[in-house]
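Presented below is the structure to which this report refers.
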Amino acid sequence: MTAESTVPSPGGQPRDHGFSNVSVIPRRTGGGFRFPVRRPPARPASPLPLLGADLTAALVGALALTGGQRRPLLVALLIAGSILLRPHLPRAVPRVLDELPAVCGRIAVAWLALGTLTAAYAPDRALSPRTLLLGFALQTAASCVARGAVHRRRRKALLSRPRTALVIGPATTAQRVAAALLRHPKCGVEPVGIVAEHPDGTEGLPVLTTGEEVERALIQNGVRAVLTVHPSVRSERGPLLRALAESGCVVWEVDADSPSYEMRDQLAGFACRKLELGSRRRGSFGKRALDVLASGALLLLVSPLLLVCATVLRLTDGPGVVFRQERIGKDGRPFTLLKFRTHRPVDEHEAATRWSVAGELEMSRFCRFLRQTSLDELLQLWNVFRGDMSLVGPRPERPYFVAEFSQTYPGYAARHRMQTGITGLAQIHGLRGDTSIEDRCRFDNAYIDNWSLWQDICILARTVTALVRPTGS
């Protein structure tokens, strides 16, 4: 994680071309695939119609309240509870019967909560069992009717304008899945091409074997969905899938060969699930809010410690206590990373092109202490507060090594889909300092592909635990 020592890179000896002038990586680098970016035509349907349906159903259910019970506060609580407990079922082709159990469950919870609150704080207006049952029945019926109307309208839109799709996988399997989807147009998905390494002499849709052919099909057919039909596709065609997701396509994983006990959705009888591969995720606002609030609070909390570290470092190692170095952040954007100086490179070339490990012999005792406890990284909280980095994410690297590793390790460039961070999934698994770049790359991409705000909180908690047993960076 640090950058001031003089040990050769674990990616191998630098190549003959010497120092690289590359300072940024191309945006949306997907292992050679760079498709035109457009406003995603297959973005998730607006939640407003279903929100309106739930609001209407809650108002209908409120008709069960009588006399003094029909107060604005109680009606508002019922509406709020019904909306906050809305079911989230990412069905490819939604039907009201698919979500009926979830709808009934959250309406029952909303009414029981309302009944409990009124009994506790306004016993004279407590809801009778008859009122609870009537309200539950009215709201459930209204919700089914309203949500059913929304779903019927969306299915009709899918039938009139199905999502054009590419099917990725072994040619024979992909053609079989494509043929099944074409026989069932009610699925709302219309395959227009197969992406495979070899045509295998199969008949059916055209087989695309090069990036140029995929890009042409993407533009000419307005492809809005991608289906993977083999377990190996996600690992072997990861760069292609990410590039397609970045271009605006929705990616689905289809189990074409055997029954699945993990995938709840289905297309034409095939079990499937939606994959989140793009760099823009729900919750990005929450991630940034967490970064700003946590980094700001930590900067205030540790400011005395920062002052002590800077003072001792100045007295023991002379001027220049802050080390500044160019690193590569999200989408290949360079930024200046800050940390306490614990080693002085011979020149800028060495600082930019030599790898690092903790515990150099020429370090002073205090500098070694800073490295072992990771206190030298505390200044990066300012990078987080400014927006250069996040608290959690792939560790940023120098331009020279970004260029090297992007050519050497598949998927390395894909790490830059998300904001870089102080700590990450790779770091809490011991991949710090002089460790495998291939392993780091795998953990970083797994973190991005499965990102959630809760995962960030868990990583931060495990990082704090790891600091109790410091090993340096």
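Residue numbers (our numbering): 22 to 494. C-beta: ideal position from N, C-alpha, C; glycine also.
Original post:
Per DSSP, what kind of secondary structure is residue 211 in: helix, strand or coil?
Top reply: strand
**OP:** Give the single residue among 260, 233, 257 and 388 whose Cα lies nearest to the Cα of residue 342.
**Re:** 388
**OP:** Would you be able to state if there are at least three C-beta pairs under 8 Å between the segment 462-478 and the segment 285-292?
**Re:** no
Subject >> Cβ separation of residue 439 and residue 295, assumed to be a contact under 8 Å, to the nearest whole Å >> reply: Contact doesn't hold; Cβ gap of about 19 Å is too wide.
Original post:
Should residue 149 go down as buried or exposed, given a rule of 16 or more other Cβ atoms within 10 Å for buried?
Top reply: exposed
Subject >> Buried versus exposed, by CB contacts within 10 Å (16 or more), residue 240 >> reply: exposed
**OP:** Could you check the C-alpha separation between residue 259 and residue 434 for me, to the nearest Å?
**Re:** 12 Å
Original post:
With a Cβ-Cβ cutoff of 8 Å, do residue 220 and residue 186 count as a contact?
Top reply: no
**OP:** Please name the residue, chosen from 123, 82, 145 and 136, that lies closest to residue 163 on a Cα-to-Cα basis.
**Re:** 82
Subject >> Contained alpha helix (DSSP H) runs [length at least 4] in the segment 437-491, N- to C-terminal order >> reply: 446-449, 458-470 and 474-488
**OP:** Hey, could you find the ends of the alpha helix (DSSP H) residue 286 is sitting in?
**Re:** Segment 286-288 is the beta strand (DSSP E) holding residue 286; no alpha helix (DSSP H) there.
Subject >> Test item: CB-CB of residue 245 and residue 175 under 8 Å >> reply: no
**OP:** In angstroms with no decimal places, state the Cα-to-Cα distance between residue 160 and residue 88.
**Re:** 19 Å
Original post:
Among the residues of its own chain, which have a CB less than 8 Å from the CB of residue 384, if the five just before and after it don't count?
Top reply: 363, 364 and 392
Original post:
Who pairs with residue 540 in a beta bridge, going by DSSP?
Top reply: Lying outside 22 to 494, the shown extent of the chain, residue 540 is not represented and no answer is given.
Original post:
Would DSSP call residue 60 helix, strand or coil?
Top reply: Caution is warranted here: a pLDDT of 43 is assigned to residue 60, below 50, making its placement in the model unreliable, and the coordinate value is therefore given only provisionally. Residue 60 falls in the coil class under three-state DSSP.
**OP:** Using only alpha-carbon positions, find the residue among 400, 235 and 329 that is nearest to residue 361.
**Re:** 400
Original post:
So is residue 475 buried or exposed if we call it buried at 16+ other beta carbons inside 10 Å?
Top reply: exposed
Original post:
To the nearest whole angstrom, what separates the beta carbons of residue 556 and residue 413, a pair I think is in contact under 8 Å?
Top reply: Shown here, the chain extends from 22 to 494; a query on residue 556 therefore has no answer.
Original post:
Does the separation of the CB atoms of residue 272 and residue 254 fall below 8 Å?
Top reply: no
Original post:
In three-state terms, what does DSSP make of residue 234?
Top reply: helix
Subject >> Under the three-state DSSP convention, the category residue 354 falls into >> reply: coil
Subject >> Burial state of residue 437, where buried means 16 or more other Cβ atoms lie within 10 Å >> reply: buried
Original post:
Between the segment 418-428 and the segment 446-457, are three or more C-beta pairs nearer than 8 Å?
Top reply: no
Original post:
Which same chain residues, not among the five before or five after residue 488, have their C-beta less than 8 Å away from its C-beta?
Top reply: 394 and 395
Original post:
Is the CB-CB distance between residue 195 and residue 250 below 8 Å?
Top reply: yes
Original post:
Per DSSP, what kind of secondary structure is residue 228 in: helix, strand or coil?
Top reply: strand
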